[in-house]
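This report concerns only the one structure given below.
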Amino acid sequence: MIRLSTSEPGFERQFAAMVDARREADVDVARDVRTIVASVRDEGDAAVHAFTRKFDRHDLNETGWRIEKAEWLAAHDALAPDLRDALELAAERITAYHLKQKPEDRDETDAVGARLGARWRAVDAAGIYVPGGRAAYPSSVLMNAIPAKVAGVERLVMVTPTPDGAVNPLVLAAAHVAGVDEIWRIGGAQAIAALAYGTGRIAPVDVVCGPGNAWVAEAKRQLYGVVGIDMVAGPSEIVVVADGRNSPDWIAADLLSQAEHDPSSQSILFTDDAALARAVADAVDLQIGALSTAKVARASWDANGAIIVTTDLAEAMPLVNRLAPEHLELACDDADALFDMVKHAGSVFIGRHTPEAVGDYVAGPNHVLPTGRRARFASGLSVLDFMKRTSFLSLDATALAAIGPAAVALAEAEGLPAHARSVALRLK
1331 MIRLSTSEPG
1341 FERQFAAMVD
1351 ARREADVDVA
1361 RDVRTIVASV
1371 RDEGDAAVHA
1381 FTRKFDRHDL
1391 NETGWRIEKA
1401 EWLAAHDALA
1411 PDLRDALELA
1421 AERITAYHLK
1431 QKPEDRDETD
1441 AVGARLGARW
1451 RAVDAAGIYV
1461 PGGRAAYPSS
1471 VLMNAIPAKV
1481 AGVERLVMVT
1491 PTPDGAVNPL
1501 VLAAAHVAGV
1511 DEIWRIGGAQ
1521 AIAALAYGTG
1531 RIAPVDVVCG
1541 PGNAWVAEAK
1551 RQLYGVVGID
1561 MVAGPSEIVV
1571 VADGRNSPDW
1581 IAADLLSQAE
1591 HDPSSQSILF
1601 TDDAALARAV
1611 ADAVDLQIGA
1621 LSTAKVARAS
1631 WDANGAIIVT
1641 TDLAEAMPLV
1651 NRLAPEHLEL
1661 ACDDADALFD
1671 MVKHAGSVFI
1681 GRHTPEAVGD
1691 YVAGPNHVLP
1701 TGRRARFASG
1711 LSVLDFMKRT
1721 SFLSLDATAL
1731 AAIGPAAVAL
1741 AEAEGLPAHA
1751 RSVALRLK
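Those letters in the sequence shown? Residues 1331 to 1758, by the numbering used here.
Set out below in C-alpha cells:
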C-alpha cells in the first residue's frame, strides 16, 4: 500500500506514476481472441461447442445450449422471501431511475419554414454478458438488462458461462425479474462472437454489454463495429475523500468493498487528517482477516491501495479529477461543495451515509461504469446505449429557396458539382 503526502518532496512524480499505472491484465490475449472470433464467425455452433468443452468443461449437446424459462421461474420461486424481495426492490428502483433517461423525440419548424428534428428508436436486439464462476452477480443482470428493456429492446439475450455445467440460480432469478428473453450456456470470447455474428442456433444482436474477464473485454474491443458495445471495462476502483470526523472502520470497509473484486482493483483514500489516515490503514489490515475474500482483497490493497494526506480536502479534488475514478465517495462536511469541484468520475456518492456498495445494488443509478480513467470521456451504462437517433428534415420550395443557394456555394467550393446541381435544379 502506498502512503503519500502532498507536502512531501517528490509527491508529483509519485502521484503521476499512480495515475499512469496500467492495471489491466498484462497477458497478451489479442491473438487468442482473434482466433476464437474468427472460428465462431466461420464455423458457428461447432466452434462454440468446441470452445465451451475446452474452457468450461462440459458438452453443450448434453447439458443443453439454452436454459429454458421454466428453470428461471423455479429459481426465482425457490429464493428465500427476503432475498426475493431485495431483488425485486432493486429492480423497481433501477427501472424508476432509468425511465427518466428516455430521450424525447424532437419535431419543429424553424424561421425559414424548414421542418427538422430527430426520432429515437431502440435497437432490435441486445446481448448481455453475465460472468460465471467466481464472479456470478445477479446485480449485474439487473443493471445491464433493465436499461435495455426500458429503452424498448424487443429481444434481450443473455449469455453466461456455466463451468462444469453448473449455473448460479440467483443469476437465473435475476433474469426472470429483469425480463430477459433468452439465456444461453456459453461464455468467454466465443460468446461475444456468437452474439455479434450469430450462429446456427443463436441469432445475432445489435449491441453487447456486460462485464467479463480480459478475453471478454478484448473480444468486445475487436468486434466493435460489427456490433455496438457499452465499453471496454477494466478492474474496479474507488476513491474516498474523507475528513477526520469519519469512523475509520466505515472508510476501511468502503475501500475494501472494491479491493475484494479483483487483485487488480484499486482503492485510494484522500484525507486531510493524518490521524484518520493511520487509523484507516490499521482498520483495513484488521478487517481483511475477517473477509472470505481476504486473499483477493489483500493482493489488491498491497499492490494498488493508497492513502494520500492533503493539506485540505479542496486540494484533493484536482488530484481526484486526474484519476477520473469509477467510484468516488465524498465523506465529509459540506460534501456538496466538493461535488461541485468534480469534473471526472463514473459515479459520485455524496455524504457519510452513502457507501458505494449501496449503489451496486438498490440505489437506482447504474453500476456499470467507466474504469481506467475513461470517465474523462465516457459515462456509465444507460438507456441511451440501447437506442439510436435518426435525424430528419423536410423542406418546401420556400424553405429550400432560403437556404439552398448557400448549399450550392459550399458544394461548388468543395468541388462536388453533382451535389450543387442536385440543389440548384430545384431552385429554378
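Glycine included, each C-beta is placed from N, C-alpha and C at the ideal position.
For the pair the region 1589-1599 and the region 1616-1633, tell me if three or more CB-CB distances fall below 8 Å. yes
Quick check: the Cα distance between F1385 and G1528, rounded to an integer number of angstroms? 20 Å
To which residues does DSSP link M1488 through a beta bridge? I1458 and I1513
From this set, P1655, V1569 and R1531, which residue's C-alpha is nearest I1516's C-alpha? R1531
Length of the line joining the Cα atoms of H1379 and L1390: 6 Å
If you draw a straight line from the C-alpha of T1684 to the C-alpha of R1423, how long is it? 16 Å
Any idea which residues DSSP pairs F1600 with across the strands? V1571 and I1638
Could you give the residue range of the alpha helix (DSSP H) that holds F1385? D1375 to D1386
Would you check whether the ligand GDP has a heavy atom nearer than 6 Å to the C-beta of V1753? By its list of ligands, the structure shown contains no ligand whatsoever, and the ligand GDP lies outside what it can speak to.
When V1497, K1432 and V1537 are compared against W1395, the one with the closest alpha-carbon: V1497
Would you call the CB atoms of L1730 and L1446 closer than 7 Å? no
Spatial neighbours of Y1427 within its chain, please: C-beta separation below 7 Å, excluding the five flanking residues on both sides. G1694 and P1695
Which residues mark the beginning and the end of the beta strand (DSSP E) in which V1538 is found? V1537 to C1539
Chain-order list of residues whose beta-carbon lies under 7 Å from that of D1603 (same chain, five-residue window excluded): D1573 and G1574
So, are the CB atoms of T1393 and G1542 less than 7 Å apart? no
How would you label K1758, buried or exposed, when you count the other beta carbons within 10 angstroms and need 16 or more for buried? exposed
When we look at the beta-carbon of E1656 and count the other beta-carbons within 10 Å, is it buried (16 or more) or exposed? buried
How would you call R1682, buried or exposed, if buried means at least 16 neighbouring beta carbons within 10 angstroms? buried
Taking contact to mean at least 3 C-beta pairs separated by less than 8 Å, is the region 1555-1568 in contact with the region 1581-1590? yes
Between A1646 and V1571, is the Cβ-Cβ spacing less than 7 Å? yes
Can you tell me whether DSSP reads V1650 as helix, strand or coil? helix
May I ask you to report which of helix, strand or coil DSSP gives M1717? strand
Ordered along the chain, which non-local residues of its own chain (more than five positions away) have a Cβ less than 6 Å from that of P1433? W1450
So which of A1754, L1711 and T1728 has the shortest CA-CA distance to Q1431? L1711
D1511 and V1487 look like a contact to me (Cβ under 8 Å); what is the Cβ gap, rounded to whole Å? 7 Å
For the putative contact between I1522 and A1478, defined by C-beta atoms under 8 Å, what is the C-beta separation to the nearest angstrom? About 16 Å separates the two Cβ atoms, so there is no contact after all.
To which residues does DSSP link S1724 through a beta bridge? R1445
Thinking L1621 and V1507 are a contact (beta carbons under 8 Å), I'd like their distance in whole angstroms, please. That belief does not hold up - the Cβ atoms of L1621 and V1507 are roughly 28 Å apart, past 8 Å.
Measuring only between beta-carbons, confirm whether W1450 sits less than 7 Å from chain C. This model lacks chain C altogether; it includes just one protein chain.
Am I right that L1599 and L1585 are in contact with their C-beta atoms under 8 Å? What's the rounded C-beta distance? 6 Å
Distance between A1456 and R1485 (C-alpha atoms, nearest Å): 6 Å
Taking DSSP as the reference, what is the three-state secondary structure of S1335? strand
Limits of the unbroken alpha helix (DSSP H) element including R1343: F1341 to D1350
Helix, strand or coil for S1684 per DSSP? The sequence shown places Thr at residue 1684, rather than the Ser named in the question. Note: T1684 maps to coil in three-state DSSP.
In terms of DSSP beta bridges, what is S1677 paired with? H1657
Could you check the C-alpha separation between M1717 and V1557 for me, to the nearest Å? 13 Å
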